[in-house]
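Participant: Positions 677 to 904 (my numbering) are the ones given, in order, by the sequence shown. Even for Gly, the Cβ is constructed at its ideal location relative to N, Cα and C. This structure is a prediction, so every number in the text was calculated from the model and none was measured.
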Amino acid sequence: CDPERNGSLLFVVHMIQMLISNSRCKLICACRQALEEYAEAMEELAFKLLELIARSLGLRPDRLHGFFKDQTTFIRLNHYPPCPSPDLALGVGRHKDAGALTILYQDDVGGLDVRRRSDGEWVRVRPVPDSYVINVGDIIQVWSNDRYESAEHRVSVNSEKERFSMPYFFNPGSDAMVEPLEEMVSDERPARYDAYNWGNFFSTRKNSNFRKLDVENVQIAHFRKDRP
Ligand SMILES: O=C(O)CCC(=O)C(=O)O
């Protein structure tokens, strides 16, 4: 074998590797920048929604802002590949979002179902172009002392098309104690929940999220004062 030829072959391979890792790096950087910009816009929207919710409860518009100083907010990028037997597969199992608010972008494929409170039926949330789905989470339910109720939802997969969704989970700081706001409590409507620490609640949920345990995952129902 010709050492000179080998040397130049190695050089070419090295250059190709450099190019690949460079373009991968560029892609990651571009992706990070886009996500950071997206998160900034979402945060602005989340605070606006929070103000509207506060107003709807008869509170000062910035009443809830203090809880979000050291937020534990995050974005999830969901990809659901097509599945030939959607009935046998689960996109995301039924759940309620534990945080304050979720701002969900979904593409035009559809698959998100919400549980209707009146009859317990699962109803498809039809994708509407250029719009977001807003989920009230458990924390708003507790703060409002059950005036708001968090929405139970699930995701079914599609037999032919892949689906993408991008939820933005707006969550308070981990040291936040979650309990009914004092303005939401009265003699006629006493507090329905004991206080709990959001950081502990969230990490307990996350640590057991993907395991098939026999025990039920932690829920706000465990903090209800009238639990059996
Ligand atoms: O994909 C969706 O439409 C919802 C996703 C979701 O509920 C979740 O990621 O917790």
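1. Cys759 to Arg830, Cα distance in whole Å?
2. Going by beta carbon distance, what residues of the same chain come within less than 6 Å of Asp746, once the five residues before and after it are set aside?
3. Under 7 Å: does the beta carbon of Gln782 sit that close to some heavy atom of ligand 1?
4. Can you pull the DSSP bridge partners for Val812?
5. Which residue marks the beginning of the beta strand (DSSP E) containing Lys772, and which one marks its end?
6. Hey, out of Val861, Glu836, Arg839, Ile816, whose CA is closest to Phe845's CA?
7. For Pro762, which residues from the same chain have a beta carbon less than 8 Å from its beta carbon, with the 5 sequence-adjacent residues on both sides left out?
8. On a Cα-Cα basis, can you pick out the residue from Asn873, Met694, Lys901, His898 that is closest to Thr748?
9. Confirm, please, whether the CB-CB distance from Asp784 to Trp798 is below 8 Å.
10. Return yes when the C-beta of Pro843 is under 7 Å from any heavy atom of ligand 1, and no when it is not.
11. How about Trp910 and Met860: do their beta carbons lie closer than 8 Å?
12. Entirely within the segment 837-879 and at least 3 residues each: give me those beta strand (DSSP E) ranges in chain order.
13. Using a 10 Å radius around the Cβ and a threshold of 16 neighbouring Cβ atoms, would you call Gly813 buried or exposed?
14. Three or more C-beta pairs closer than 8 Å, one from the segment 768-787 and one from the segment 801-809: is that the case here?
Facilitator: For this structure:
1. 16 Å
2. If the five residues before and after Asp746 are omitted, its C-beta is found closer than 6 Å to the C-beta atoms of Gly849, all from its own chain and listed in chain order.
3. Taking the Cβ of Gln782 as the reference point, at least one heavy atom of ligand 1 falls within a distance shorter than 7 Å.
4. Leu777
5. Per DSSP, Lys772 belongs to the beta strand (DSSP E) from 768-772.
6. Ile816
7. Ser832, Val833, Asn834, Ser835
8. Asn873
9. no
10. yes
11. Absent from the structure is residue 910, since the part of the chain shown begins at 677 and ends at 904.
12. 839-846
13. Buried, because 16 or more other Cβ atoms sit within 10 Å of the Cβ of Gly813.
14. yes
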